[in-house]
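In this note's numbering, the protein residues as written are 18 to 368.
Note that beta-carbon positions come from the ideal geometry of N, C-alpha and C, so glycine has one too.
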Ligand code: MN
Ligand code: FE
């Protein structure tokens, strides 16, 4: 007699051998079983993500509110802040939605799914950050959260990403074909390498430049935590992309490689347009030309990580960004933490 329990019992074809676990199209192994682990890098990224846990509401905004209400900031400086909030406020949701709706079901490895669940929560925390900033500074939420539809340079970046989500969400999409697998790989490169690895970085430079001048330090600190999270998202994504390449080398054709290089080159132009749009007159020693250098430098580093040739040979005009990233890594968040998370021992069941 067929029942769900009997089906489950009869599906027993022996225990999992870690060697059989595949990143995509794994039909022979039960994806409900985390152990035995095969891809230890996925588990490490998961643990690193958990070790970095933070909440935006733990960062005091008093000084930022004071600065925002004062005449310390020029109109150009306010534009930089607003355009950055406008991009990130919805970008985090685009990443979260792509993760949960498009990527998750096609990644068939349990330890990678464990990481994806953690990452999805981090994207929610990042979206929460922008809600918290908008509320703290008393900004117009409609203005900030609609910039991705109303500001052309932001819309262009987001459109470039949303097309990739739509492709995987098509009811006919499947990774059982060669084209389907390449489309999934293109989505992963589009979101991890381009969105989180290139499109986020001029924003990080701009906001952290304020922080270096001791202005808008609450937002600056939040961006440091986001940057720290994004570094892990990027590293996980690159490991996943390289892992899928290694499992399915036939996907990595000359033509596909060239398409990916072209997409990265296109994204560099979109990012430079966006940076110019944030800095029409140049502020704090920042201007469009420096961002051209920087975005090209970042894109070269990303391409190299997936085995594609650097395209530009530009040098890094913001060497302090690497120091900031190391500082964010080393920063002992627990020293300044105001909220203690409830541990098992602190939970009370009495009331
Ligand atoms: Mn994020
Ligand atoms: Fe992310």
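If you reduce the DSSP assignment to three classes, tell me which class residue i lands in.
i, result
"residue 303", "strand"
"residue 312", "helix"
"residue 41", "strand"
"residue 124", "strand"
"residue 187", "coil"
"residue 215", "helix"
"residue 131", "helix"
"residue 337", "helix"
"residue 150", "helix"
"residue 87", "coil"
"residue 168", "coil"
"residue 209", "helix"
"residue 317", "helix"
"residue 46", "coil"
"residue 63", "helix"
"residue 143", "helix"
Label residue i either buried or exposed according to how many other C-beta atoms from any shown protein chain fall within 10 Å of its C-beta, with 16 as the threshold for buried.
i, result
"residue 260", "buried"
"residue 89", "exposed"
"residue 324", "exposed"
"residue 351", "With a pLDDT of only 47 at residue 351, under 50, the local geometry of the prediction cannot be trusted, and the value read off the model is given with reservation. Looking at its Cβ environment, which holds fewer than 16 other Cβ atoms inside 10 Å, residue 351 is exposed."
"residue 74", "exposed"
"residue 197", "buried"
"residue 57", "exposed"
"residue 353", "In this predicted model, residue 353 has a pLDDT of only 49, less than 50, meaning its place in the structure is not dependable; the value taken from the coordinates is given anyway. It counts as exposed."
"residue 245", "buried"
"residue 199", "buried"
"residue 317", "buried"
With a Cβ-Cβ cutoff of 8 Å, do residue i and residue j count as a contact?
i, j, result
"residue 68", "residue 113", "no"
"residue 111", "residue 175", "yes"
"residue 128", "residue 51", "yes"
"residue 212", "residue 238", "no"
"residue 99", "residue 153", "no"
"residue 172", "residue 165", "yes"
"residue 168", "residue 103", "yes"
"residue 210", "residue 255", "yes"
"residue 158", "residue 66", "no"
"residue 156", "residue 295", "no"
"residue 41", "residue 192", "yes"
From residue i to residue j, what does the alpha carbon distance come to, in whole angstroms?
i, j, result
"residue 299", "residue 227", "13 Å"
"residue 308", "residue 136", "28 Å"
"residue 225", "residue 119", "32 Å"
"residue 61", "residue 71", "18 Å"
"residue 11", "residue 21", "Nothing about residue 11 can be read from this structure; the chain reaches only from 18 to 368."
"residue 130", "residue 83", "43 Å"
"residue 36", "residue 320", "29 Å"
"residue 263", "residue 121", "20 Å"
"residue 87", "residue 223", "20 Å"
"residue 163", "residue 108", "11 Å"
"residue 220", "residue 181", "22 Å"
"residue 271", "residue 253", "24 Å"
"residue 126", "residue 266", "18 Å"
"residue 356", "residue 81", "Below a pLDDT of 50, predicted positions are generally treated as unreliable, and residue 356, at 47, falls in that range; the measurement from the model is reported next regardless. The alpha-carbon atoms of residue 356 and residue 81 are separated by roughly 20 Å."
"residue 115", "residue 277", "19 Å"
"residue 312", "residue 31", "50 Å"
"residue 230", "residue 205", "36 Å"
"residue 292", "residue 134", "32 Å"
Whole alpha helix (DSSP H) runs in the stretch 221–286 with 4 or more residues, listed along the chain? Qualifying alpha helix (DSSP H) stretches, in chain order: 234–264.
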